[in-house]
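*Asks:*
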C-alpha cells in the first residue's frame, strides 16, 4: 500500500501540535472572557455557506473564496452538458466562509427571535486563497465582536473598548487604535477637488499610503486620472504629522468640510470622547488616511496596529447596509475583528506567553513487577483524585519509563512509581523530576502531595 | 441591492445560537476535562486536507467527501483542456476533512518530534455529504481520543475507559459498550465454512444485523453467493442471546476457533479484564456480530450505543496499518470517537442539561437623564469588577430598557439603573428581576451584591 503521499498540511495551513494549542487556547480564553464581560454572547455558523450569501460582498477579493465542487449527479449533469459553459459558477454553489461578518449578517436576517440589539462574538476559522506571509495564512481564526440593531456610537465605543481590553490583558502596551470615518474620507476627497466618480479609485490608492509612500500614492492617483494638484491637495489633508493631537487634527480639518463631512467629524469627536472612559482611550488616534479595504463599511472605521507587523492586528467599522443586502429589513451594525494569528505571531516574537501553559499530563505512571491490570487500576485511582495521569502503556525497564517523562512532548513534572511493595501497601512512590525529591505516600494522599508543589 | 438570497444555512448544516452553544460548550468542556485527566493532549488539524491523504481510506464512503474546486489559473487550464477528461479528480486536489483519524495518522507520519506514545485528543468538525437524519448532519463535531505507538491492550482499555467516564459524567447510565475483534469475526466467518474470498461481503451483511434482522442478513448473504447453510452457521455463532454473559460467550465460542481466532479471543478476554477497574467495566458487552464499517480496523473494535438512537454514539478500534499507508514507518494505533451531535440530541430529549448554563450578561445597565459617556463609564466600572454587563445602547424610556432585560435572547437576571442621583452619589440601583428586590448600593459594592444571590 505504500505510496508517496505528502504528509504535510496544505500550503498556507497548519497542524497545531499540543504546545501550539496551549498558546492558542490561552489567548482565545482571554478573548472570550473579555467579550463575555462586555455582554457579548457566542455564535457559531457553518464553515460552508451557500455561495450566493458570499458573492457581491468582498469586491475583487471575491476571487480568494474557496469553493466546494458539486458532487454526484449534479456534477455529472454539469460535466455532460455544454462544455463551453463550464466555469466556477457552473461547478459549485457552496463555498467556505471568507469572514465572520457576512455570516452574522445572514443570521441576523434569518432569525427573528434574536434580541433587537444582538451583541455577538464569534471565534472561528475563515479561509482565503491568499498568498501566505508573516502571520498570514489560508486558514486562520478571527475573533469578532459585533453589535447589530443600533446606530448609537456607544456600539462603536463598546467594540473598540472590548478589543483594547483584550490586548491590554494579553500584555500589549504599545498598539494604536486608528479611527476614521468613511464619510469624512469622502468629504476630504471632495475637498481636494477630486470628482466623486473617482472616489473609489482614490480610496484604494490612499489605503496604500503606509506601504507605498506619498510619491507612490500620487503616481497611482495620476495613472488613474486624478491630477497631481488634486492628489497633493488630498494628501495635504490626509497625511498628518504623527505627533499631531486628535484635537488638533479635528480642529484643522473642520474648516475644510462640507455638511456631510462635518457630521462625520462630529461622530468622531463623540466617539473619541466616549472612548476616554475605556481602555481604548489612550490608544485611540484619529487617522484620516485610514481607508480599510472592505466595500461594506458605511461609517466609522477602525484598525489596530503594532509596529512589529506591516499589517494590522484588528480592523472593523460600521456597516449599516450589509444585513439589508439579504433583501429583508435594513439593520444597522458595527463590528471589530481581532486577527488571532497575528496576535499570536507578535506574542511569540516578544515572548509574551506565561511560562506555564501546560495541558499535558502532571504525572507519568511507571510500573514494574505488577500486572497491567494493577497499573491501570492505580492510574484510575489517581485520575479520580483529579490528577492528569499518563499511564506508561507497555512493560519496560523502569529507567526507560522514567526517562520517557522528560520527552518534550510528554514533559510530565511528576513520575509515579508502582512496584510490588507500593501495590501491596496501597502506596505510590512520587518523584518530582526537577528537584529529584522522591517519597512514598499513601495512594489516597497522592493529589495532596502533587499539589503541594 | 435587494435580492432573494436564502438566509438559511446549507442543508444538513446548522447555525448555533447562544443557547445552543452554551449546551455544546458544557459537553465539550466535560469531554476535554476527562480526556486531559487521562493524559491525552490536544491536536488540531486544518479543515482542508490534500485529497490524496484522504483517498483509499474510507471504502465506498469516499464518495461522501466534500471537495474543493480548483481556482484561478489551475481551473482555467483544466477547463480549456480536454473536456472529455473532466471529472472530480481533474477539478480538485483538496477536500474537507472526513474524520479525525486519517489526519491524525498523517500527523504521526509527519512529525518526528512527537513522543513515541502519542496520546492525543481532537475535538473538531468533520464534513460528510450524507443524507441528513436524526442526530446526523453534514457538518458535525467528533471528539476523538487515540493512542499511537503501542500494541498494548492498555491502549484499548484507556480509550474505552475515557469515553465511558465522559458519558457517566454527563449523566448517561444506560449505554452499552459493545466490544469485538476483527480477527475474531474473520475466524467465525471461516468457522461457518464461508470462503475467505467472501469475507468482505459477509462483514458488510453482518454489520446490518440490528437493522435488517436475521432473514435480511441471510437473504443478502445468499444474493452475494454465500449459501443459506453457511449463512445460518454464521448467524448461529454471531447472533447471541442479549442476556448471555461475556464469560459464557467467550466459553461458547472458544471451541469453534482456529489459532488466529483463539488469539483474538485471548485479547478480548484480557481487554474485558482490564476494563473491570474502569468506568467501562459494567458497560462492556462482548458482541461478536459487531463489524464497524471502516476498512482500516485491524484488531479490537468498539461501539457505544443507547436505546434511544438507532445509531451508535461512539465507535472506534485498533488500526495498526493506517499510519503506514503514508509510505513511512508502520505505527500501531487505537482510537475512539465520541459523536458530539448524537450525545447532544439524546441529552436534549432526556432533559439532561443543568438548568443554569448561562454565558449571557448578568446585568443589563439601563440609564436615564445621564449622558451616554456617563453610562459607558459606569458599565466599565462594573465590568472591571468582573460582572458580565450589557449596556443598553440608546437613550430610551426606562421601562422599555428594563423590559429588554427579559427578552429570552438577553435573559439578564439583574438590571442596573443609573440616573442623575445614582451618578452624583457614585451609586447604582440594582434590581433582581425574578424576585423584584431592588436596592441602591455603592457602585464599588455592585459585584458583591450581585454575587450574594
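Chains as they are written, first to last, in my numbering: chain A, 869 to 1321; chain B, 869 to 1321. Glycine residues also receive a C-beta, built at the ideal position from the N, C-alpha and C atoms. Note that the structure is predicted; figures quoted are calculated from it, not measured.
In three-state terms, what does DSSP make of residue 1197 of chain B?
*Replies:* Position 329 of the second chain, counted from the start, is the residue given in the question as residue 1197 of chain B. Coil at residue 1197 of chain B, not helix or strand.
*Asks:* Does the Cβ of residue 969 of chain A have 16 or more other Cβ atoms within 10 Å, making it buried, or fewer, making it exposed?
*Replies:* Indexing the first chain from 1 puts residue 969 of chain A at position 101. By the 10 Å Cβ count, residue 969 of chain A comes out buried.
*Asks:* Taking only three categories from DSSP, how would you classify residue 963 of chain B?
*Replies:* Looking up residue 963 of chain B in the second chain gives position 95. It is a strand residue.
*Asks:* Can you tell me whether residue 1047 of chain B is buried or exposed? The criterion is at least 16 other CB atoms within 10 Å of its CB, across all chains shown.
*Replies:* One-based indexing of the second chain puts residue 1047 of chain B at position 179. Classification for residue 1047 of chain B: buried.
*Asks:* For residue 1095 of chain B, which residues in chain A fall below 8 Å Cβ to Cβ?
*Replies:* The sequence position of residue 1095 of chain B within the second chain is 227, counting from 1. The premise fails here: residue 1095 of chain B is roughly 32 Å from chain A at the closest Cβ pair, so nothing lies under 8 Å.
*Asks:* Kindly indicate which three-state DSSP category residue 929 of chain A falls into: helix, strand or coil?
*Replies:* For the purposes of this step, residue 929 of chain A is taken as the residue at position 61 of the first chain. Residue state, collapsed to three classes: helix.
*Asks:* How should residue 903 of chain A be labelled, buried or exposed, when 16 other C-beta atoms within 10 angstroms of its C-beta is the threshold for buried?
*Replies:* Within the first chain, the letter at position 35 stands for residue 903 of chain A. So residue 903 of chain A counts as buried.
*Asks:* What residues from the stretch 1162–1189 of chain A come within 9 Å of chain B, judged by C-beta to C-beta, listed N to C?
*Replies:* Answer set for the stretch 1162–1189 of chain A: 1189.
*Asks:* To the nearest whole angstrom, what separates the beta carbons of residue 891 of chain B and residue 1225 of chain B, a pair I think is in contact under 8 Å?
*Replies:* Mapped onto the second chain, residue 891 of chain B falls at position 23. Mapped onto the second chain, residue 1225 of chain B falls at position 357. About 6 Å; that satisfies the 8 Å criterion.
*Asks:* Mind reading off the beta-carbon distance from residue 1027 of chain A to residue 1184 of chain A? Whole number of angstroms is fine, and I expect it under 8 Å.
*Replies:* Within the first chain, the letter at position 159 stands for residue 1027 of chain A. Within the first chain, the letter at position 316 stands for residue 1184 of chain A. So it is a contact: roughly 6 Å between Cβ atoms.
*Asks:* Under 8 Å Cβ to Cβ from residue 1126 of chain A, same chain only, skipping five residues before and after it: list those, please.
*Replies:* The residue given as residue 1126 of chain A occupies position 258 in the first chain. Taken in chain order, the residues that qualify are 1055, 1058 and 1059.
*Asks:* List the residues of chain B whose Cβ lies closer than 8 Å to the Cβ of residue 882 of chain A, in chain order.
*Replies:* Your numbering for residue 882 of chain A matches position 14 in the first chain. What residue 882 of chain A touches in chain B: 914.
*Asks:* Among the candidates A/1239, A/975, A/911 and A/1079, whose CA atom is the shortest distance from the CA of residue 1180 of chain A?
*Replies:* Counted from its first residue, the first chain places residue 1180 of chain A at position 312. Among A/1239, A/975, A/911 and A/1079, the Cα nearest to that of residue 1180 of chain A is on A/1079.
*Asks:* Against chain B, with Cβ distances strictly below 7 Å, would residue 1072 of chain A count as a contact?
*Replies:* For this step, residue 1072 of chain A is matched to residue 204 along the first chain. False, the Cβ-Cβ gap to chain B never drops below 7 Å.
*Asks:* My guess is that residue 1007 of chain B and residue 916 of chain A are in contact by the Cβ rule of under 8 Å, so how many angstroms apart are they, rounded?
*Replies:* For the purposes of this step, residue 1007 of chain B is identified with residue 139 of the second chain, where counting begins at 1. For the purposes of this step, residue 916 of chain A is identified with residue 48 of the first chain, where counting begins at 1. That pair is a contact at about 7 Å.
*Asks:* If you measure beta-carbon to beta-carbon, which residues of the stretch 1198–1232 of chain B are closer than 7 Å to chain A?
*Replies:* The stretch 1198–1232 of chain B vs chain A, Cβ under 7 Å: 1227, 1228 and 1229.
*Asks:* Where does residue 1233 of chain B sit, in a helix, a strand or coil, going by DSSP?
*Replies:* Here residue 1233 of chain B refers to the residue found at position 365 of the second chain. In this structure, residue 1233 of chain B counts as strand in the three-state DSSP scheme.
*Asks:* Please determine, among A/1262, A/1256 and A/1265, the residue with the shortest C-alpha to C-alpha distance to residue 1282 of chain A.
*Replies:* Numbered from 1 along the first chain, position 414 holds the residue referred to as residue 1282 of chain A. Considering only alpha carbons, the answer is A/1256.
*Asks:* Out of A/1012, A/889, A/966 and A/974, which has the shortest C-alpha to C-alpha gap to residue 1195 of chain A?
*Replies:* Taking the first chain and counting its residues from 1, the one referred to as residue 1195 of chain A is at position 327. Considering only alpha carbons, the answer is A/974.
*Asks:* Tell whether a beta-carbon distance below 7 Å holds between residue 1103 of chain A and residue 1159 of chain A.
*Replies:* To locate residue 1103 of chain A, count along the first chain from 1; it is residue 235. To locate residue 1159 of chain A, count along the first chain from 1; it is residue 291. Cβ atoms of residue 1103 of chain A and residue 1159 of chain A: not closer than 7 Å.
*Asks:* When you compare only the Cα positions, how much space is there between residue 981 of chain A and residue 1203 of chain B?
*Replies:* Locating residue 981 of chain A in the first chain gives position 113, counting from the first residue. Locating residue 1203 of chain B in the second chain gives position 335, counting from the first residue. Straight-line Cα distance between these residues: approximately 41 Å.
*Asks:* For residue 1326 of chain A, report the span of its alpha helix (DSSP H) as first-last.
*Replies:* Since the first and last residues shown for chain A are 869 and 1321, residue 1326 of chain A lies out of range.
*Asks:* Flag this pair as touching only if the stretch 942–952 of chain A and the stretch 1199–1218 of chain A have three or more C-beta atom pairs under 8 Å; answer yes or no.
*Replies:* The stretch 942–952 of chain A, when compared against the stretch 1199–1218 of chain A, does not touch it at the 8 Å Cβ threshold.
*Asks:* Quick check on the DSSP output: what are the complete alpha helix (DSSP H) runs of length 4 or more inside the stretch 1095–1145 of chain A, in order along the chain?
*Replies:* The qualifying runs are 1096–1106, 1114–1121 and 1127–1143.
*Asks:* From what residue to what residue does the beta strand (DSSP E) around residue 887 of chain B run?
*Replies:* As a position in the second chain, residue 887 of chain B is number 19, starting the count at 1. No beta strand (DSSP E) contains residue 887 of chain B, which is instead part of the alpha helix (DSSP H) from 886–905.
*Asks:* Which runs of the alpha helix (DSSP H), 4 residues or longer, sit entirely within the stretch 972–1053 of chain A?
*Replies:* Entirely contained in the stretch 972–1053 of chain A, the alpha helix (DSSP H) runs reaching 4 residues are, in chain order, 1021–1038.
*Asks:* Can you tell me which of the three DSSP states residue 1255 of chain A falls into?
*Replies:* By one-based count along the first chain, residue 1255 of chain A stands at place 387. Reduced to three states, the DSSP call for residue 1255 of chain A is coil.
*Asks:* Based on DSSP bridge pairs, tell me the residues matched to residue 1207 of chain B.
*Replies:* Numbered from 1 along the second chain, position 339 holds the residue referred to as residue 1207 of chain B. The partner list for residue 1207 of chain B (beta bridge, DSSP) reads B/1010.
*Asks:* Determine the burial state of residue 1217 of chain A: buried for a count of at least 16 other Cβ atoms within 10 Å of its Cβ, exposed for fewer.
*Replies:* Numbered from its first residue, the first chain carries residue 1217 of chain A at position 349. With fewer than 16 Cβ atoms within 10 Å of its Cβ, residue 1217 of chain A is classed as exposed.
*Asks:* Could you check the C-alpha separation between residue 1189 of chain B and residue 1165 of chain B for me, to the nearest Å?
*Replies:* Your numbering for residue 1189 of chain B matches position 321 in the second chain. Your numbering for residue 1165 of chain B matches position 297 in the second chain. If you take the alpha carbons of residue 1189 of chain B and residue 1165 of chain B, they lie about 8 Å apart.
*Asks:* Is any beta-carbon of chain B found at less than 7 Å from that of residue 1114 of chain A?
*Replies:* Within the first chain, numbered from 1, the residue matching residue 1114 of chain A stands at position 246. For residue 1114 of chain A, the answer is no, since every Cβ of chain B falls outside 7 Å of its Cβ.
*Asks:* For residue 869 of chain B, which residues of its own chain have a beta-carbon under 8 Å away from its beta-carbon, when the five flanking residues on both sides are left out?
*Replies:* Reading the second chain from its first residue, position 1 is the one you call residue 869 of chain B. Residue placement at residue 869 of chain B is flagged as unreliable, the pLDDT there being 44, under the threshold of 50; a coordinate-derived value is accordingly withheld.
*Asks:* Note down, in chain order, all residues in the stretch 981–1001 of chain A with a beta-carbon under 9 Å from any beta-carbon belonging to chain B.
*Replies:* Result list: 981, 982, 983, 984, 985, 986, 987, 988, 993, 995 and 997.
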